[in-house]
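Enquirer: I'd like to ask some things about the structure below.
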Amino acid sequence: MEKKALIFKVSALVVALVLALIAGIEFWQLRHYKETIVASEDLTEIKWFSDYVPSLKNTWMDTPVFIFDSGVEGGTVFVCGCPHPYEPASTMAAYLMIENIHVEKGKVIIVPRANYSGSTDGMLGDAYPKFFHVSSDWGITQYRIGDRYTNPLDQWPDPFTYINYPSGQNLAYQDIRNLNRTYPGRENGTLTERAAYAILEIIRNEGVDMAIDMHEAEILYPVTSTYVAPPTVLDREKFLETGEVVYYEPERSSLDVAMWAGMTLSEQFLMKYSASPKTLHGLSHREWADWSDTLVFLMETPEIFIDKITGPRTEALMTEGKDEFLQNVTDKGLTYFPYEMDFGTPMWYRVGRHLSGALEVVLDTAMFYPELECICSWPTYLEMKEIEESGKDSVGAFLKDPNAPENKDRAFTIYYKPVGDNYDKYMK
Amino acid sequence: MSTTMLTLILLIIMIAAFVLSSIKLKSPDISMAVAAVVLAIAGTIAVPELGNPVRYLVEGLFVNLDLALLFIAASIFVNIYAHSGAIAAITRGVVEKINNKWILMSIMGVLMLIPGALTGAGSVAIFVLGGLVNTVLEYLGISQKKRTVFICFFAMLSAACPPINLWTMLMTAQANMPYVGFTWLLLIPIVIAGAFTIVFVGWGAKPQNKEETLAKFPPKDPKLKWWRIVLPFVAIVGLFLLALYDPWGLPVLGLPLMFLIAGLVALLCNPKKTTFKEYLGILDDTMEQVFPLVANVLSIGVLQSAMAATGVRGLIGSTAVGLPLVLIYVLIIIVGPICQGCFNYGVSIVLGGPLIFMFNTLGMDVTVICAALSLIFPLGDTLPPSRIVGRLACETTEYKESYLSFFKTLVLPMLFLGAMGVAMMVLHSKLAFLY
Amino acid sequence: MVFFENVIHILYFVMAGLVGFSMCKSLFRRKKNKGFVFDAMYAYCLIPFLLRVLYIK
């Protein structure tokens, strides 16, 4: 081989290795960055997905489940944060709930990072920023923006088409790593299916009466700014015995509650409601209701980053949501949200919507079905709006400093396995 | 500066970088990578908040990593299978037994549809059957150019063919629709377009002398029994069927592993005494053979990432969905395939998803629209910058004339399929009975 | 089933490693596409296989 050619080959390899190193460091940071939150004083117990599906132990799909039990008999609420990690307002809302919750009656169970593995990867080909930052009086904290799917490092390969269990419905191949397409899950299935099964087990074993799934959606998507709830549910016994698919109207209707909640919230922000279709399987608003006795509510906030057709994809676009292209498309009447570029879709607004959206269904469920009453509180949209108007970051305003001495006993590192001693105190 | 102006400038810079490097380096793959790097650097200068571009440039290499592995595995299977003499034996059998030109061409067409229909990738159809089909068409007296057209067009059709159409899958995933109801909506236009292409390619061709043609094939290997020929195909088809009909009874194998298992079966069925070293040689040759395609799909991912990060993707997508409906009908046949050339399957996300939402807003039947778009997008596999299928077809038939001369002949069947796609979009409500 | 899923998962990493190794080899010694442009492409395309097999991305 010519010396010149050899030098070029070696140089090319070195350049490639340097590029791999630079990018690799960033990927490593995203994968291994650990967020820390401070749970409210009402925390009574922490469980893990692996308590419900043991094979998840020591996998990147294991994740903590925070339980706040008032000790007073009442309804049980389950809140699922981060089923799609690339919808970060969902995670932030769950974190703010965990940090500020007060429960007077009933029990609240919160999973802040339902797809932990997916939060450790970025959306391929979509150039998502790795992190976004929130400023508080005590400092700036960074949080991950993940993927829609489970990280391929943890679940690989994909099939050529994904067939949802047990409906047998065909979905896109990569949806086998999409937590919100794999419900009700399988105990011995893929990693994502097992996580889905763990969530169903939480709902069934903990006697959950209301289950809330927090998402974000593109404004081109009709179901943005919407509650989705099932008007009918599957006759499980008949299905398991005969395989026949029969839906019936349950005694308690989450769609009724969602309609009421949507109307009530409309004084604060646009919140529509939509009936869960019988023909689309694998989603929480269908399968949680079909495979347990809980009332299900899926919430979508408007997030323009998911719309894909945006300008340069910076962190500011994620946290402020101001985009000229989406304004143009809105002006042509093609979006399902009254988008105004001057206001955008800021993070506080999306988080606030989730917080008030979740609280409203808890309140309204108690109104419709008093036996399910759960009395709890956390920050609301209106409180956050007021703080924003004073010029402060309202998300940061409700976050607690994990390094402050008064918080150290309740600071929890969110990871796929317990980190530090605090977990031991709450794990039975 | 407005975002529109900024991204327009970035788009021009990207195109300039691509054209210049294509002229200078004569490789579409590296030109795509160069265009992506130039775009990323220009984007970072214009919008410093984008941060370190290296991360998303490298991240882009992962977009089509599974597809690259599929290409590699499918090629390994085919080369091991071909080494056993099975492909030559099949070709000989087909030429010996079937005398009617149209029947022979139809069989070749249907065969070509199968690998892409199962994997979603037209290139796999060329890898697996391109050589065989080329030989048979040559025997039928079809010119090299038209042979290339046949292989290329049927590879595109096979990618669109159900059960696995990746464009439809990606669009349904984005629009929260089940991947259900597309079989006839896709299959009927594919059969019509396939029949049209068979007539277009086969018209006027005069088959060569059968004995002379057969004499050109390698001699029959008496040890190559029928089961040795059939078993590798039984393995791959069996695995497909198992995965489709008993998805919860076996673990997820993934297409690459399925092809490698079939490759292993082909190796065990090989009647020749092939040494381990010879197999290593086959693997080495396969890797070299398939590398340009691997480089191509990986580079598209990089370009896709850079275009997304800088907002160029947004400019294209938002402009397209903002057009009046009539203009969309007129332009989709051009814009759709061009975006396919740039984004590969990503076109479903960039253009397909927003268009589905837009048509949904207008109260149109999005299942039919989705199928129609999934027939139009694959046409872009013959367009720059990537032109994956077109290039591969040319390589398979060793077509040495200019790409443009081949493309000119291909345009007619492409327009035929594109027009059917547009007609489906216009007549969406009348076709709802097909699902 | 979980066990088999895990075995297949590992097999894919092995596959990525072998492809990466083969590309590295081809960068220095190959029969066709010998130009410097392909040298650059071989080196560049090596990156995802390397990062995958190192369990980084």
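Respectively, the protein sequence lines represent chains A, B and C.
First residue of the first sequence: 13, per my numbering; consecutive thereafter.
First residue of the second sequence: 21, per my numbering; consecutive thereafter.
First residue of the third sequence: -19, per my numbering; consecutive thereafter.
Built from N, CA and C at the ideal position, the CB exists for glycine as well.
#1: Measure the C-alpha to C-alpha separation of residue 281 of chain A and residue 364 of chain A and round it to an integer number of angstroms.
#2: Specify the secondary structure class of residue 182 of chain A as computed by DSSP and reduced to three states.
#3: Using the C-alpha atoms, what's the distance from residue 138 of chain B back to residue 102 of chain B?
#4: Work out the CA separation of residue 50 of chain B and residue 217 of chain B for me, nearest whole Å.
#5: Could you tell me the alpha carbon to alpha carbon distance between residue 102 of chain A and residue 265 of chain B, rounded to whole angstroms?
#6: Using the beta-carbon of each residue, which ones in chain A are nearer than 8 Å to residue 27 of chain B?
#7: Tell me which residues share the same chain as residue 270 of chain A and place their Cβ nearer than 8 Å to its Cβ, disregarding the 5 neighbours each side in the sequence.
#8: Identify whether residue 57 of chain A lies in helix, strand or coil by the three-state DSSP scheme.
#9: What residues from chain C crowd round residue 27 of chain A, counting only those whose CB sits closer than 9 Å?
#10: Beta-carbon within less than 8 Å of residue 95 of chain A's beta-carbon, same chain only, minus the 5 sequence neighbours each way: which residues are those?
#11: Restricting to Cα atoms, I'd like to know which of A:287, A:189, A:327 is closest to residue 143 of chain A.
#12: Can you list, in chain order, the residues of its chain whose CB lies under 6 Å from that of residue 273 of chain A, leaving out five sequence neighbours each side?
#13: Report yes or no: do the stretch 316 to 326 of chain A and the stretch 364 to 379 of chain B share at least 3 C-beta pairs separated by less than 8 Å?
#14: Check whether chain C comes within 8 Å of residue 483 of chain A, counting only Cβ atoms and requiring the distance to be less than that.
#15: Three Cβ pairs or more, each shorter than 8 Å: is that satisfied between the stretch 250 to 265 of chain A and the stretch 50 to 66 of chain A?
#16: In whole angstroms, give me the CA-to-CA distance for residue 303 of chain B and residue 69 of chain A.
#17: Any contact between the stretch 73 to 90 of chain A and the stretch 384 to 391 of chain A? By contact I mean 3 or more CB pairs, one from each, below 8 Å.
#18: With residue 173 of chain B and residue 451 of chain B assumed to form a contact (beta carbons below 8 Å), what rounded beta-carbon distance in angstroms separates them?
#19: What residues of chain A sit near residue 33 of chain C, judged by a beta carbon separation below 8 Å?
#20: Taking just the CA atoms, how far does residue 281 of chain B sit from residue 250 of chain A?
#21: Look at residue 92 of chain A and residue 188 of chain A and say whether their C-beta atoms are less than 8 Å apart.
#22: Taking 8 Å as the cut-off, decide whether the C-beta atoms of residue 338 of chain A and residue 231 of chain A are in contact.
#23: Nearest to residue 47 of chain A by alpha carbon, out of A:243, A:439, A:421, A:155?
#24: Pop quiz: residue 368 of chain A and residue 307 of chain A are said to be a contact at Cβ under 8 Å. What is the actual Cβ separation, rounded to whole angstroms?
#25: So what does DSSP say about residue 390 of chain B, is it helix, strand or coil?
#26: For residue 388 of chain B and residue 205 of chain B, which I take to be in contact (beta-carbon distance under 8 Å), what is that distance rounded to the nearest angstrom?
#27: Under 7 Å, CB to CB, which of the residues in the stretch 75 to 91 of chain B have a partner in chain A?
#28: Going by DSSP, what residues sit across from residue 77 of chain A in a beta bridge?
#29: Using a Cβ cut-off of 8 Å, pull out every chain C residue sitting near residue 21 of chain A, in sequence order please.
#30: With a threshold of 8 Å between beta carbons, is residue 112 of chain A in contact with chain C?
#31: Output the distance between the C-alpha atoms of residue 245 of chain A and residue 191 of chain B, rounded to the nearest integer angstrom.
#32: At a CB-CB cut-off below 7 Å, which residues of chain C make contact with residue 47 of chain B?
#33: What does residue -9 of chain C touch in chain B if you count any residue whose Cβ is under 8 Å from its own?
#34: Is it right to say residue 362 of chain A is buried, meaning 16 or more other beta carbons lie within 10 angstroms of its own, or is it exposed?
#35: Per DSSP, which residues does residue 151 of chain A bridge with? Please list them.
#36: State the start and end residues of the unbroken alpha helix (DSSP H) segment that holds residue 276 of chain B.
Expert: Walking through what the data contain:
#1: Locating residue 281 of chain A in the first sequence gives position 269, where the first residue counts as 1. Locating residue 364 of chain A in the first sequence gives position 352, where the first residue counts as 1. Taking the straight line joining both Cα atoms gives about 10 Å.
#2: Position 170 of the first sequence holds residue 182 of chain A. Here residue 182 of chain A sits in strand by DSSP.
#3: The residue given as residue 102 of chain B occupies position 82 in the second sequence. The residue given as residue 138 of chain B occupies position 118 in the second sequence. If I take the Cα positions, the gap works out to 20 Å.
#4: Taking the first residue of the second sequence as 1, we reach residue 217 of chain B at position 197. Taking the first residue of the second sequence as 1, we reach residue 50 of chain B at position 30. Their Cα atoms are separated by approximately 33 Å.
#5: Translated into the one-based positions of the first sequence, residue 102 of chain A becomes position 90. Translated into the one-based positions of the second sequence, residue 265 of chain B becomes position 245. Going by the C-alpha atoms only, they are around 36 Å apart.
#6: In the second sequence, the residue the question calls residue 27 of chain B occupies position 7. Those are 323, 324, listed as they occur along chain A.
#7: Residue mapping note: residue 270 of chain A aligns to position 258 of the first sequence, counting from 1. The answer, listed in chain order, is 239, 240, 241, 285, 309, 373.
#8: Along the first sequence, one-based indexing puts residue 57 of chain A at 45. Correct three-state label for residue 57 of chain A: strand.
#9: On the first sequence, position 15 is the one that residue 27 of chain A refers to. The contacting residues are 20, 23, 24.
#10: Looking up residue 95 of chain A in the first sequence gives position 83. Answer for residue 95 of chain A: 102, 126, 127, 191, 192, 225, 226, 227, 296, listed in chain order.
#11: Start at 1 with the first residue of the first sequence, and residue 143 of chain A comes out as number 131. Residue A:327 is the option with its Cα nearest to residue 143 of chain A.
#12: Taking the first sequence and counting its residues from 1, one reaches residue 273 of chain A at position 261. So the qualifying residues of the chain are 372, 373, 376.
#13: yes
#14: Nothing about residue 483 of chain A can be read from this structure; chain A reaches only from 13 to 440.
#15: no
#16: As a working note, residue 303 of chain B is residue 283 in the second sequence. As a working note, residue 69 of chain A is residue 57 in the first sequence. Residue 303 of chain B and residue 69 of chain A: Cα-Cα distance of roughly 39 Å.
#17: yes
#18: The sequence position of residue 173 of chain B within the second sequence is 153, counting from 1. The sequence position of residue 451 of chain B within the second sequence is 431, counting from 1. The pair is not a contact, with the Cβ atoms about 23 Å apart (cut-off 8 Å).
#19: Against the third sequence, residue 33 of chain C aligns to sequence position 53. Those within 8 Å of residue 33 of chain C in chain A number zero; the least Cβ separation is about 11 Å.
#20: In the first sequence, the residue the question calls residue 250 of chain A occupies position 238. In the second sequence, the residue the question calls residue 281 of chain B occupies position 261. Cα-Cα distance, rounded: 40 Å.
#21: Numbered from 1 along the first sequence, position 80 holds the residue referred to as residue 92 of chain A. Numbered from 1 along the first sequence, position 176 holds the residue referred to as residue 188 of chain A. Not in contact: residue 92 of chain A and residue 188 of chain A (Cβ atoms no closer than 8 Å).
#22: Residue 338 of chain A sits at position 326 when you count from the first residue of the first sequence. Residue 231 of chain A sits at position 219 when you count from the first residue of the first sequence. Contact flag set, yes.
#23: The count along the first sequence starts at 1 and reaches residue 47 of chain A at position 35. That would be A:155, whose Cα lies nearest to the Cα of residue 47 of chain A.
#24: Walking along the first sequence from the start, residue 368 of chain A turns up at place 356. Walking along the first sequence from the start, residue 307 of chain A turns up at place 295. Incorrect: roughly 18 Å between the Cβ atoms, too far for contact.
#25: In the second sequence, residue 390 of chain B corresponds to position 370, counting from 1. Helix at residue 390 of chain B.
#26: Here residue 388 of chain B corresponds to residue number 368 of the second sequence, with the count starting at 1. Here residue 205 of chain B corresponds to residue number 185 of the second sequence, with the count starting at 1. Confirmed, about 6 Å.
#27: 75, 76, 78, 79, 80, 82, 83, 86
#28: The residue you call residue 77 of chain A lines up with position 65 of the first sequence. Its beta-bridge partners are A:59.
#29: Within the first sequence, residue 21 of chain A is the residue found at index 9, counting from 1. Result: 7, 8, 19, 23.
#30: Walking along the first sequence from the start, residue 112 of chain A turns up at place 100. No, no contact with chain C.
#31: The sequence position of residue 245 of chain A within the first sequence is 233, counting from 1. The sequence position of residue 191 of chain B within the second sequence is 171, counting from 1. So the two alpha carbons sit approximately 27 Å from each other.
#32: As a working note, residue 47 of chain B is residue 27 in the second sequence. Those are 17, listed as they occur along chain C.
#33: By 1-based counting over the third sequence, the position of residue -9 of chain C is 11. Simply 277.
#34: Position 350 of the first sequence holds residue 362 of chain A. Within 10 angstroms of the beta-carbon of residue 362 of chain A lie 16 or more other beta-carbons, which makes it buried.
#35: On the first sequence, residue 151 of chain A is found 139 positions in, with the first residue counted as 1. Note: residue 151 of chain A sits in a beta bridge opposite A:148.
#36: Start at 1 with the first residue of the second sequence, and residue 276 of chain B comes out as number 256. First-last of the alpha helix (DSSP H) with residue 276 of chain B: 275 to 289.
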